[in-house]
Amino acid sequence: MSSTLLECVRRYADANADRFGVAQTPIPGLFAMRATAPSEMQYAISKPLVALVLQGAKRVTMGSTTFDFGAGDSLLIAADVPNVSQITRANAGVPYYSLVLNIDPAVTQSLVLEIGVALTETGLPVRVDPTEAEVADAALRLMRLLDRPQSIAILQDQLVREMHYWLLSGRHGAGIRAIGFADSHANRIARAVAVIRAEYAETLPVERLAEVAGMSISSFHQHFRTVTSLAPLQFQKQLRLIEARRMMISEGAAISNAAYAVGYESIPQFTREYGRLFGSSPAKDVRESIGKSQIAA
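First residue of the sequence shown? That's 13 in the numbering used here, and the numbers climb one at a time after it.
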């Protein structure tokens, strides 16, 4: 992994990271990440992305599979999947740094057509591989654009496309190839996931989701679980709970307000399901969050 890329990400993240350690760049979908201590477990339903770890180490769990990786590795998430992540190695002297790029389905589809690769659906939406030199080089040139703001609008699209090309052509190719086929099972399920993300607080009949995906109900259930590791209703439930937790901890929303906002009609039910997913009650999580905020202040 190029030390120059680390220096570029370090400089940008140190100057621009928010209180969560995220530094959004002017290039859409490109983020620098920073942490000065090991993190708590973070629950999310991630969209397709690649994360190049430049310093420190991280652990990501999807279902029963856990990935431990560090500097020189890249994490690929090739579908909308629930996962638990945790930065495992970082300190003030040697912070954790990574560069994250959201995978653009339109760019991937265009490249697949030009390259002429065959469709392969691996059923493995999360994987870790060593970062290839071509990917790191494209990432470095993207980061260098940030020092020349006038060049971003002119050059960002071709460099983002180049980075997608090297990802598609290299070790991660099999993992993201299905994104490049509009009629792949992964993309059909992605259409249904988009509806769940947009309307997670509503009641969503599985018949409607299957219709959006262009599948029979039985086929939809099978492929939804293969792609996301969850049944559709479980996916929606986790999305609701993750959003409610974000509202309470990041925005200070009251427990009842957060529960009702994400679609729950019963606070006891919300509390039970919250505890099953996060291993703690909403009230305890809110108290701990307030305590940490007071210490930080």
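Here a beta-carbon is modelled for each residue, glycine too, at the ideal position from N, C-alpha and C. Since the structure is predicted, the reported quantities are computational estimates derived from the model, not experimental observations.
Within 10 angstroms of the beta-carbon of Ser110 lie 16 or more other beta-carbons, which makes it buried. Bridge partners of Phe79 according to DSSP: Val72. For the options Ser97, Val65, Leu18, the alpha carbon positioned closest to that of Glu52 is the one of Ser97. For Thr120, the number of other beta carbons within 10 angstroms of its own is at least 16, and it is reported as buried. When secondary structure is reduced to three states using DSSP, Val274 falls in the coil class, being assigned neither helix nor strand.
Of all C-beta pairs linking the stretch 65-78 to the stretch 24-35, fewer than three are shorter than 8 Å, placing the two stretches out of contact.
Under the 8 Å Cβ criterion, the stretch 246-260 counts as touching the stretch 268-284, having at least three qualifying pairs.
If you compare the alpha carbons of Lys296, Arg209, Ser292 with that of Gln246, the shortest gap goes to Arg209. Leu242 carries a coil assignment under DSSP once its states are collapsed to helix, strand and coil. Within the stretch 217-242, the runs of alpha helix (DSSP H) at least 4 residues long that lie entirely inside it are, in chain order, 218-225, 229-240.
Ser292 is classed as exposed because its beta carbon has fewer than 16 other beta carbons within 10 Å across all chains shown. Excluding residues up to 5 positions away in sequence, Leu152, Met155, Arg156 lie with their Cβ nearer than 7 Å to the Cβ of Cys20 in the same chain.
A Cβ-Cβ contact shorter than 7 Å links Ala90 with Pro60.
Spanning the alpha carbons of Gly182 and Glu146 requires a straight line of approximately 9 Å. Comparing C-alpha distances from Arg139 to each of Gly105, Asn95, Ala150, Thr16 shows the shortest one belongs to Asn95. Residue environment analysis places Thr16 among the exposed positions, since fewer than 16 neighbouring C-beta atoms fall within 10 angstroms of its C-beta.
Burial state of Gly264 is exposed, judged by a 10 Å Cβ sphere holding fewer than 16 other Cβ atoms.
The three-state reading of DSSP puts Ala35 in strand, counting E and B together.
A check of alpha carbon separations from Leu87 across Pro244, Ala49, Pro142 identifies Pro142 as the nearest.
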